[in-house]
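Just so you know, we're using my numbering here: the sequence shown kicks off at 105 and counts up by one. C-beta atoms are modelled at their ideal positions from N, C-alpha and C, and glycine is treated no differently.
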Amino acid sequence: AGMDTDSSEEEEEQPVRIPLGHRPVVFALPGSRDLAARTVAQLRWSQGLCSFKVFDNAEISANVEETVTNHDVFVVLTRDDEKEEINFSLMQLMLFISALKGESPYRITVIVPCMEYARQDRKMQAGQGIPVQLMLRCLKTAGGADRFLTVDLHNEAQVAFAPSGTLLDELCARKYLAHYLRLALGDLQGGSTFVCATSGGGMSMTRRMAAELCIGFMMVDKMRLKGGGKGELKVMSSEPPESVQRVIIVDDIFDTCGSLAEVCRALRAFAPQAKLYGVASHGYFSANAPVLIKDLVDNCGLQWLAVTNSVAQTGALARFRAVGLEDRLRVVDISRLLAGAMMRIYLGASVNLPKFRDIGPSDYDAVLEVLTSPTVGLARCLAEEPLPPSIAIERLLGSTFDLPRAFQADGPPAWCSAPLGGTLSYALWEVAFRVVSACDSVTR
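Structure representation (structure tokens):
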């Protein structure tokens, strides 16, 4: 009997941790770990444990090595040709999502910063399929993905490819690229710097970049000078050639860079004195792209190219170094953009509101900064040690208040009205309400 009493006392001394909502966890596939680590560092969340194996017969094994039951799961996939071929990575992703689904998570959000197969978004001739639509459908039906997050689709209409019951959210890296251009080029005013579209299809993206930088706009497109004749590249600009000193070429993807080369040569013929720069959301630099870019640097006045890390650039940087272009490829980090979106998805807020989409890398993001503060934020409230609800909410909100009186009314109470702002305050109220609702000792 004495032994039973001692064991019961030991059990009573063990604290019971009350889970606060659906705990977030981020998993990264091979080749995606650099971007995932940067994003997790912004969020102060935990990175999940997983493993991948290839058997001798070339079959793939994907294993989840920690519990994800009732967790809000995020899976990051970025292309890294140095680690895995992209079709192999997509198969790994489907197997891993299937393994996750078997552990009953609350939700699975797949983050593909650069949407693969995005340029095959329509039937160009009979007998062709639409691979990007099939890929999303497979991730939903075979794997069980609930939501998708990407950056700068090749065609904005592709958000409609999301399978029934899922969402495809598109983020925009324009402000991050514009921020880098301001840092690298200095003052862009004065009327001598222009942004240039590579074709009529990219005109809307380039116009938005021109508006962001408050500079002029020009375009290079194929024109048939004679009916039935061969199309020739023509520079369309409202300014005379002698007033053009710097041109920023804007595109969504740099792949083989054939279109970039044509545009650079046309601009060189139009304004020989102009310095050329190129920016794009995604960079593949496949085939002989580095050799072609070296020719543009030597003969067309191309200074450098800038892309985001939506695609891992380890291999591209090595290929650039091999042809003597060590400093010609610049990589812009978008981990803060992804972190802000992931935090809002976790809190149930929209990632499509202008208030979020207008936040640049140097702007204050109240949701991200407050909720990830090491002393006040959500990361502290999700700590492993058990906390009384009143202390958890106090750390979250940074102030004390009367819990029963605060939650008497339906909806957000009066203290939600700033200084933090409506959207953030409502999100904080929801998280605090979850804490209070989870504890029987606190009266709503």
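If the criterion is Cβ atoms closer than 9 Å, does the pair Leu139 and Pro235 meet it? no
Count the other CB atoms, across all protein chains shown, that sit within 10 Å of the CB of Thr171; report buried if there are 16 or more and exposed otherwise. exposed
Please tell me whether Arg434 and Val411 are closer than 9 Å, where the distance is taken between their beta carbons. yes
What's the gap between the Cα of Phe321 and the Cα of Tyr284? 19 Å
Leaving out the 5 sequence neighbours to the left and right, which residues in its chain are closer than 7 Å to Ala384 when beta-carbon positions are compared? Asp355, Asp356, Ile357, Phe358 and Val411
Contacting residues, own chain, Cβ-Cβ under 6 Å from Gln377 (five flanking each side not counted): none
Residues that Phe128 bridges to, as DSSP identifies them: The amino acid occupying residue 128 in the given sequence is Pro; Phe does not appear at that position. Asp176.
Tell me whether Asp225 sits in a helix, a strand or coil according to DSSP, three-state version. coil
Are Val299 and Leu275 touching if we call contact CB-CB under 9 Å? no
Which residues bound the beta strand (DSSP E) around Tyr388? Where Tyr388 is concerned, there is no enclosing beta strand (DSSP E), given that its DSSP letter is neither H nor E.
Would DSSP call Glu188 helix, strand or coil? coil
When the Cα atoms are used, what is the spatial distance from Asp462 to Asp469? 10 Å
Pick from Ser341, Asp185, Glu316 and Lys244: whose alpha carbon is nearest that of Lys279? Glu316
Pick from Val158, Gln293, Ala288 and Gly135 that is closest to Val436, judged by C-alpha positions: Ala288
Please work out which residues of its chain come closer than 6 Å, Cβ to Cβ, to Phe505, disregarding the five sequence neighbours upstream and downstream, and give them in chain order. Note that Phe505 scores a pLDDT of 39, beneath 50, so its modelled location is shaky; the value from the coordinates is reported in the next line. Hits under 6 Å: none found.
Pull up the distance between the alpha-carbon of Trp408 and that of Lys398, whole angstroms please. 10 Å
I need the straight-line Cα distance from Lys562 to Gly382, nearest angstrom please. In the structure displayed, the chain extends from 105 to 548; residue 562 sits before or after that span and is not available.
Asp138 (DSSP reduced to helix, strand or coil): helix
Could you check which residue in Thr213, Gly405, Gly295 and Gln417 has the C-alpha nearest to that of Val130? Thr213
Inter-residue spacing [alpha-carbon to alpha-carbon] between Lys326 and Val348: 21 Å
Measuring CB to CB, does Pro134 end up less than 9 Å from His175? no
Restricting to Cα atoms, I'd like to know which of Thr360, Arg251 and Ala370 is closest to Pro345. Ala370
In the DSSP assignment, the alpha helix (DSSP H) including Met313 goes from what residue to what residue? Met307 to Leu317
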